[in-house]
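Colleague: Residue numbers (numbering that gives the first Met the number 0): 0 to 473. C-beta atoms are modelled at their ideal positions from N, C-alpha and C, and glycine is treated no differently. Just so you know, these numbers come straight off a predicted model, no measurement behind them.
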Amino acid sequence: MVALTERVEVHMRDSDAFSWYMEKDPLLRSTVVCVLLLDGRPDWDQLPERLERSTRLSPGFRHRVVSPPLRLATPRWVVDPDFDLSWHVRRFEAAPPKTLATVLEFARKTGMAGLDRDRPLWEFTFIEGLEGGQTALVMKLHHSLTDGVGGMDIARLLFDVEPDPGDLGPMPEAPAGEHLDTVDLARDALGYDWSQLFDFSKRHLTSAVSDMTHALRHPREALSEAAATGQSIARFVEPVSDTLSPVMTERHLAWHYDVLEFPLAEMLDAAHAAGAKHNDAFLSGVTAGLRLYHDRHDTQVEELRVTMPVSIRKADDPIGGNRITLMRFKVPVDIADPSERMAETHRRCESVKTDRSLPFTNAIAGTLNLLPRAVIGGMLKHIDFLASNVPGIPVPLYLTGAKVDSFYGFGPTIGAALNVTLMSYCGTCCVGINIDTGAVPDPDVLMDCLRDGFSEVLAVGGGTGRAVLPVTAS
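1. DSSP three-state call for residue 158: helix, strand or coil?
2. Residue 123 and residue 88: beta carbons closer than 8 Å?
3. Around the C-beta of residue 208, are 16 or more other C-beta atoms found within 10 angstroms, so that it is buried, or is it exposed?
4. Of all Cβ atoms in chain D, is any one closer than 8 Å to the Cβ of residue 413?
5. By Cβ distance, which residues of its chain are closer than 8 Å to residue 84, with the 5 residues on each side in sequence left out?
6. Using the Cβ count rule (16 or more neighbours within 10 Å means buried), how would you classify residue 299?
7. Using a 10 Å radius around the Cβ and a threshold of 16 neighbouring Cβ atoms, would you call residue 329 buried or exposed?
8. Just tell me which of 10, 467 and 458 has its CA closest to the CA of residue 269.
9. Using only the alpha-carbon positions, how far apart do residue 383 and residue 433 sit?
10. According to DSSP, residue 483 sits in a beta bridge with which residue or residues?
11. In its own chain, which residues sit with a C-beta less than 6 Å from the C-beta of residue 41, not counting the 5 before and 5 after it?
12. Give the DSSP-derived three-state secondary structure of residue 193 in the structure shown.
13. Exposed or buried, which one is residue 442 when buried takes at least 16 other CB atoms within 10 Å?
14. Secondary structure at residue 381, three-state DSSP: helix, strand or coil?
15. Please determine, among 285, 273 and 97, the residue with the shortest C-alpha to C-alpha distance to residue 416.
16. Since residue 13 is in the alpha helix (DSSP H), which residue starts that stretch and which ends it?
17. Using only CA atoms, which one of 11, 244 and 379 lies nearest to residue 331?
18. Cβ of residue 275 within 8 Å of Cβ of residue 326?
19. Closer than 8 Å by C-beta to residue 455: which residues in its own chain qualify, once you throw out the five before and the five after it? Chain order, please.
20. Is it buried or exposed, residue 293, if we count other Cβ atoms within 10 angstroms and call 16 or more buried?
21. For residue 126, tell me which candidate among 118, 135 and 119 has the shortest Cα-Cα distance.
22. Using CA atoms only, rank isn't needed, just tell me which of 453, 305 and 108 is closest to residue 32.
23. Per DSSP, which residues does residue 329 bridge with? Please list them.
24. Can you check whether the CB of residue 279 is closer than 8 Å to the CB of residue 345?
25. Using C-beta distances below 6 Å, list every residue in its chain close to residue 319, excluding the 5 sequence neighbours before and after it, in chain order.
26. On a CA-only basis, which of 444, 468 and 157 is nearest residue 396? Give me that one, please.
27. Whole angstroms is fine: what's the gap from residue 461's alpha carbon to residue 431's?
28. Out of 334, 252, 307 and 333, which has the shortest C-alpha to C-alpha gap to residue 348?
29. Does DSSP put residue 422 in a helix, a strand or coil?
30. State buried or exposed for residue 45, treating a residue as buried only when at least 16 other CB atoms are found within 10 Å of its CB.
31. Which residues mark the beginning and the end of the alpha helix (DSSP H) in which residue 283 is found?
32. Looking at the unbroken beta strand (DSSP E) that takes in residue 404, where does it start and where does it end?
33. Starting from residue 428, follow its DSSP beta bridges and name the residues at the other end.
34. Would you say residue 281 and residue 468 are within 8 Å of each other, going by their C-beta atoms?
35. Whose CA, out of 350, 9, 250 and 246, lies closest to the CA of residue 290?
36. Output needed for residue 65: all residues of its chain with C-beta closer than 6 Å, excluding positions within five of it in sequence on either side, in chain order.
What follows is the structure in C-alpha cells.
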C-alpha cells in the first residue's frame, strides 16, 4: 500500500479517467504520436542503457493501468512487475521511398492502433536507412502519461543538449514491481475515495467560512459571482448536437498525417503586430486555412468549434503526468483580415483562460463519467477541430550522439475532424496535422489551404518566409 500523500498521484485524475473510459469507441482514443528526424544513427550500444535510465527517472513509463472493482475509484497506476524494455522499443529498416513520407505513413498506422492496456502505455520505433542517412524515431504514448509541457520535461531526460554529455552518473534504482489482487485494489480504492473526500471537505470547509463572510458583507456581489460561475459550468457541459462546419461532418476510423513548418520568429512578429499572443497567431493560421478550405467547397462558415488544452500545471507538479483541461469554444473564421481575426481570437482565448469553470473541470469530468458513453461520444464527434500549442525546446537535442533535426507532434482527433499540434524546436514551428479522412476526404487540398492560411498570418508581421510543406504523405 502507498502512503496517503502518494495515493492521489497513483490514481488517474477524473479527466484522464474520462478519456480512458471513452476509448471503448476507437474514434475517441487518446493516443499521441511524436515523430523525430535524427541526422544519423544513434549509438545503438549506448541507447538501451539511456532508455533504461529514462524509464527509471520518469517512472510513469513503467506503470500500467489497473481498474478497481466496480469502479470504486478512478483507474490506478501500478509499477509493472513484468516490465520489459525490449518490448517497448523496436527498430527496422525504412521501406521505399525512404523519406519523411515513409515515416508519416508508419506513424499514422501505429497512431490508429490501440496500445496494449496490459503494459505501460508507450512504444518507441526507430526507422533506419532514410535518405541522407537520417534515422526517425516514432514515439507513441497515451495522453494520460503526460501532456505537452510534461512531455518536454521528459524529453530532457531522454535527450542531451550536446553530442557527448559525458558520464551521467550511476544508474538510478529501478522501481519495485507491484502485485495487487482484487482485495488490495478495493481496499486501496476505498482509501483513495476517503482521502479525496477528506481533502475536499477540509478545503471547502475552510473556504466556506470566508465565502459566507463575504456573502454577508456583499450579498449582491456574492450572488452575482455564484450566478456567473453557474453559467460558466453550464456552458462547459452544454450538449453539442451538430458540427458548425457544413463540410467536415463525417467521422471515420482513418487518419492522414502531414506536416507544416515556418519560422517561429515570424509568427511572434505577426502576433505582436496584431496586439495578440503566439497562440492567437497559431489559431488564426488554422482558421484561415479552414476558411480557405470551405471556400474551395463553395461554402462559408462564420465560426467553428475548437477544443484546446489549457495547462493547469503547477511548479511543484511531478515530471510528466497530464496536467491539462480541455476547453471548447467558438473561434471566428469569416474575418478575412488576419490582424482583426487575431485580435478577436485573442479576446476569446483570454476569456477561456480565465473561465470560472476551470477550477471545477476535474470534478465535472467525474460527473460526466457517470453518463452513458454514447451520449458523451456524440458530443465529442461534433467538435470541428482540436488545436494544441506546445512550448518546445529552443536548443538542439541529441540522442546518444545523433542530432534531432525535426520534432513533430500528432495529437488524437478524439472525434473531431482534425487535430493541429504546433511544437517549436530550434526556432522553427513544426506543425503536425492529424486529419480524419472521413471528415476531410481531400487532405492534400486542406494542407494547401493551411499552408496559405499560415502564410497569410506570417505576412502581418512583415515576414518574407512562407509556411512550407516538407512532404505530402499521400
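Modeller: The answer reads as follows:
1. coil
2. yes
3. Bear in mind that the predicted position of residue 208 carries a pLDDT of just 47, short of 50, making it unreliable; the figure below should be weighed with that in mind. Result: exposed.
4. This model lacks chain D altogether; it includes just one protein chain.
5. 47, 50, 51 and 54
6. exposed
7. exposed
8. For residue 269, the nearest C-alpha among the options comes from 458.
9. 13 Å
10. Nothing in the structure corresponds to residue 483, since the chain is present only between 0 and 473.
11. 398, 399 and 401
12. The answer is helix: DSSP assigns residue 193 an H, G or I state.
13. buried
14. coil
15. 285
16. Where residue 13 is concerned, the enclosing alpha helix (DSSP H) starts and stops at 13-21.
17. 244
18. no
19. 284, 287 and 337
20. buried
21. 135
22. With distances taken between Cα atoms, residue 32 lies closest to 108.
23. Secondary-structure assignment with DSSP links residue 329 through a beta bridge to 304.
24. yes
25. Unreliable placement is indicated for residue 319, whose pLDDT of 48 sits below 50; no coordinate value is reported for it.
26. That would be 157, whose Cα lies nearest to the Cα of residue 396.
27. 25 Å
28. 307
29. Three-state result, residue 422: strand.
30. Classification of residue 45: exposed, given that the 10 Å Cβ count is below 16.
31. 277-295
32. 401-409
33. DSSP output for residue 428 lists 261 and 423 as bridge partner(s).
34. No. Outside cutoff.
35. 246
36. 75 and 77
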